[in-house]
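Here my numbering is used: the first residue of the sequence shown is 3, the next is one more, and so on.
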Amino acid sequence: GLKGTLSEAELYAIKARLQGGRLNKARKGELAQMLPVGLVRARDGTVNLDPHIDVQATLRTVFEQFDRLGTANAVLRYFRDHDLQMPRLITSGEDLGQILWQRASYAAIHLVLTNPAYAGAFAFGRRKQAAERIPGEATPRPRLPPDEWQVVVHNVYPAYIPWDQYLANRTRLQQNQGQFANRPGAPRPGEALLQGIVFCARCGRRLLVR
């Protein structure tokens, strides 16, 4: 019984030391994470933009159209209307690391707009740890806002957009969720001339035009 107790304590200490070393590397921006599509890691550990021009051009199109149109759904419609596909990185199997082109989806566009790596930043601890974890079961880990991330190190990766633009994009995505209170929402379809572009000068919400 005593040997078993000591073994359990030793395993806990080893786990704590490993987690501490991982966090220390993360604070330096040296922890190797899974890179999103559009960024590749060389053999010497340096990270570069994907050499495929089509991949770079598609990602830049996402950011440019979101800046112009203002919503992820509008960007999705733009991709569908122009028959543009989104690149997806294969993360397992025999084709590990290969690029797969597939039909654009809202989830793929949203992931591009919310990933800090495209702004050149290394981020660690972006999800909240579950209070109680049951072995063998999937435990939900909600995402945290950027100001609550555990570690953020800038200028680690080559950037597609500046950090300020990345934060503005996240804020814009949150404001587009019009079903929640205190958010202006996104422009909606309508026949009025000023539909979706008239705001209240006091609260900033979009006005219903008739």
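Backbone N, C-alpha and C fix where the C-beta goes; we use that ideal spot for every residue, glycine too. This structure is a prediction, so every number in the text was calculated from the model and none was measured.
Quick check: what's the CA-CA separation for residue i versus residue j?
i	j	result
Val155	Val211	44 Å
Met88	Val158	25 Å
Lys30	Arg208	43 Å
Phe182	Gly3	Per-residue confidence for Phe182 stands at a pLDDT of 48, beneath the threshold of 50, marking its modelled position as unreliable; the derived number appears in the next sentence. Answer to the nearest angstrom: the Cα atoms are 55 Å apart.
Asn2	Ala194	Only positions 3 to 212 of the chain appear in the structure, and residue 2 is not among them; the question remains open.
Gln21	Lys27	10 Å
Ile55	Asp69	21 Å
Arg143	Phe126	14 Å
Gly40	Thr173	23 Å
List the endpoints of the continuous alpha helix (DSSP H) containing residue i.
i	result
Asn50	That residue, Asn50, is in no alpha helix (DSSP H); its beta strand (DSSP E) goes 49-51.
Ile16	4-29
Thr1	This structure gives no information on residue 1, because the portion of the chain shown stretches from 3 to 212.
Asp97	Looking at the DSSP string, Asp97 is not in any alpha helix (DSSP H), and its letter there is neither H nor E.
Leu195	Counting along the chain, Leu195 falls outside any alpha helix (DSSP H), and DSSP gives it neither H nor E.
Tyr168	165-177
Look up residue i in the DSSP assignment and give the residues it is bridged to.
i	result
Val154	Ala125
Phe201	Arg208
Val42	Asn50
Gln87	Arg105
My assumption, with CB atoms under 8 Å, is that residue i sits in contact with residue j. Please give the rounded CB distance.
i	j	result
Arg90	Ala110	7 Å
Worksheet item: Are the region 114-130 and the region 56-65 touching, with three or more C-beta to C-beta distances below 8 Å?
Response: Because the criterion of three Cβ pairs below 8 Å is met, the region 114-130 and the region 56-65 touch.
Worksheet item: Can at least three beta-carbon pairs, one atom from the region 41-50 and one from the region 76-86, be found at a separation below 8 Å?
Response: Taking a contact to require three or more Cβ pairs closer than 8 Å, the region 41-50 and the region 76-86 do not qualify as touching.
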